[in-house]
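Everything below concerns the one structure shown next.
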Ligand code: SF4
Ligand code: SF4
Ligand code: SF4
C-alpha cells in the first residue's frame, strides 16, 4: 500500500520555488518554531482547525454539529473555540454558512499527490519546472516524502526539496537520490539561530556541508527580519558559504513581510510577540547588496 501523509496545500503555477513553473506540495509538521513563520498551519503534524472570527455570525450551527464540545457561546453570542478538543472530523465545516471554519491538513497517499501534480506536466516541460516538496519541514514525514519523490522520478519530474536544514544524515543520503535541487533555509548565524527558530544552527551547517560533499545542488534561502538577523556577522557567513561551496547556485533574500499574522490568530495561537515590521523594498535591496559584496 502506498505511504500516506498529511498535506495541507498543493499550489500550482508557483514561480518562486525552484526553476520554471512548479507545483508545490506542502506537508504538515515542522521541528522548528520560527518567530516569523508565515505558515503556522504547517507546524503541527496533524490536521487542525482554523477559525476566522471576523466572518462569524454566531448562528451556533457549529456547536450543534460538534460532538467534542469545541464551540461555545456566551450570553452575548460571542464565539469561543477550544482548539485543543478538536478531532478534525470536519462536521462543523460543512454546516458553517459563512465558511469561517477550515481544517488544515488532509490525509493523502503518495500516488494521489503525484497524480495531481502530473496534471500540469506540459507546463513543467515547456518551462523547465517540476514539483517542489515544502512545508513545514517535509522531511518530518520522511516515508511519505520519499515515496512521493520516487513516484515523481518514475514520471521524470524535476524535484526540488525545500528544507529548514534539519535532516539526519542517513535520511539525507536516501533523499539525495531523488532530489535535483535543494532549497535550503539559512536563517541566522550563531546562538541567535536557536532563539529565533528553537533549533541549533550547527545542524543546518552540517546539512549544507553534507549536500555539498555528496554532489548535490542548492539554493540558499535567507529570511531576513530587520533587527533580528540582519547582522554583519550573518551576511558575512552567507558570503562565506557562497565562496566555500560551489554547489550553492544562488542565494535568495526572503525579506520579511507581516502578511501572515492573521493565520496565527485563526489557529488560536497568541501572536502578540510576532508583530514585526515588514521590510521595505530599499531594505531588501540593501541586504541583497550585502551578500553580493
Ligand atoms: S472539526 Fe469536528 S471536532 Fe473539530 S470543531 Fe468541528 S465538529 Fe468539532
Ligand atoms: S457555524 Fe460558522 S458562522 Fe455559525 S457560529 Fe459557527 S463559525 Fe460562526
Ligand atoms: S522552518 Fe519554516 S515552516 Fe518551520 S517554523 Fe520555520 S518558517 Fe515555519
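Residue numbers (my numbering): -13 to 279. Ideal Cβ positions, reconstructed from N, Cα and C, are used throughout, including at glycine.
Residue i beta carbon near ligand 2 (any heavy atom closer than 7 Å)
i           : result
residue 86  : yes
residue 57  : yes
residue 24  : no
residue 200 : no
residue 20  : no
residue 47  : yes
residue 65  : yes
Residue interval of the beta strand (DSSP E) (run including residue i)
i           : result
residue 85  : Element bounds for residue 85: n/a, residue is neither H nor E.
residue 30  : Element bounds for residue 30: n/a, residue is neither H nor E.
residue 93  : 92 to 95
residue 124 : Taken as a continuous stretch (DSSP letters only), residue 124 belongs to no beta strand (DSSP E), as it is neither H nor E.
residue 107 : Careful: residue 107 lies outside any beta strand (DSSP E), inside the alpha helix (DSSP H) at 107 to 113.
residue 240 : 234 to 241
Near ligand 3: residue i beta-carbon under 7 Å from a heavy atom
i           : result
residue 150 : yes
residue 28  : yes
residue 215 : no
residue -9  : no
residue 121 : yes
residue 9   : no
residue 171 : yes
residue 281 : No statement about residue 281 is possible, as the shown extent of the chain runs from -13 to 279 and does not include it.
residue 308 : Residue coverage of the chain in this structure runs from -13 to 279, which leaves residue 308 outside it and unanswerable.
First and last residue of the uninterrupted alpha helix (DSSP H) at residue i
i           : result
residue 183 : 178 to 183
residue 192 : 187 to 199
residue 47  : 47 to 51
From the options, residue whose alpha carbon lies closest to that of residue i
i           : options               : result
residue 76  : 271, 93 and 249       : 93
residue 247 : 190, -5, 7 and 27     : 27
residue -12 : 135, 191, 69 and 72   : 135
residue 255 : 35, 157, 159 and 277  : 35
residue 29  : -8, 62 and 1          : -8
residue 226 : 240, 195, 243 and 249 : 195
residue 219 : 2, 114 and 174        : 174
residue 1   : 98, -6, 118 and 133   : 118
residue 39  : 95, 59 and 112        : 59
residue 157 : 197, 167, 144 and 102 : 197
residue 179 : 147, 19, 137 and 143  : 19
residue 171 : 164, 184 and 204      : 204
Residue i Cβ short of 7 Å to ligand 1 heavy atom set
i          : result
residue 51 : yes
residue 42 : no
residue 73 : yes
residue 77 : yes
residue 54 : yes
Proximity test, Cβ basis, 8 Å: residue i and chain D
i           : result
residue 130 : Absent from the structure: chain D. Only one protein chain is present.
request  = Would you check if there are 3 or more beta carbon pairs closer than 8 Å linking the stretch 141 to 154 to the stretch 109 to 129?
outcome  = In the pairwise beta carbon analysis, the stretch 141 to 154 is classified as touching the stretch 109 to 129: at least three pairs are separated by under 8 Å.
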